[in-house]
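*Asks:*
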Amino acid sequence: MNLLWQGVRFIPPLTRIMINGLSSGANRGLIIEVQDDYIVYELCEVLKEKHSGKEKQKKEVKYIPISSIFDLSEGEKEIVNAPNLSTFNP
């Protein structure tokens, strides 16, 4: 499969890639598997405790249709009805 999206960054050992835009801020989406019609990714949220300032990570496996990523990566047209990427689970 050809993974040529804007904001794609390869992470060693080149089987895991991070796509900017799956989340923002302290969240990030890390792709862990690519199927014919959907992508499995791990959503990692970094949380800081109020009093101690220690960081905790909350990880959750999510799914997104490949067609949604291609639609969202086309910068030339505006997608009005784009799905919420953080809540899609087949």
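Using the numbering used here, you'd call the opening residue of the sequence shown number 35 and step up by one each time. Backbone N, C-alpha and C define an ideal beta-carbon position, used for all residues, glycine too.
#1: Please classify ILE66 as buried or exposed, where buried requires at least 16 neighbouring CB atoms within 10 angstroms.
#2: Are the beta-carbon atoms belonging to VAL74 and GLN91 less than 7 Å from one another?
#3: Return yes when the Cβ of ASP71 is within less than 7 Å of the Cβ of ILE100, no when it is not.
#4: So, using beta-carbon positions, are LYS93 and CYS78 closer together than 7 Å?
#5: What does DSSP give as the partner residue(s) for LYS82 in the beta ladder?
#6: By Cβ distance below 6 Å, which residues in the same chain neighbour GLU89 in space, the five residues on each side in sequence not counted?
*Replies:* On the basis of the supplied data:
#1: If you number the sequence shown from 1, residue 66 lands on position 32. Under this definition ILE66 is an exposed residue.
#2: Numbered from its first residue, the sequence shown carries residue 74 at position 40. Numbered from its first residue, the sequence shown carries residue 91 at position 57. Contact: no.
#3: Position 66 of the sequence shown, counted from the start, is the residue given in the question as residue 100. Position 37 of the sequence shown, counted from the start, is the residue given in the question as residue 71. For ILE100 and ASP71, yes; Cβs fall inside 7 Å.
#4: The residue you call residue 93 lines up with position 59 of the sequence shown. The residue you call residue 78 lines up with position 44 of the sequence shown. Yes, the pair counts as a contact, with Cβ atoms nearer than the cut-off.
#5: As a position in the sequence shown, residue 82 is number 48, starting the count at 1. The partner list for LYS82 (beta bridge, DSSP) reads GLU89.
#6: Position 55 of the sequence shown, counted from the first residue, corresponds to residue 89. Counting only Cβ-Cβ distances below 6 Å, and skipping sequence neighbours, we find VAL80 and LYS82.
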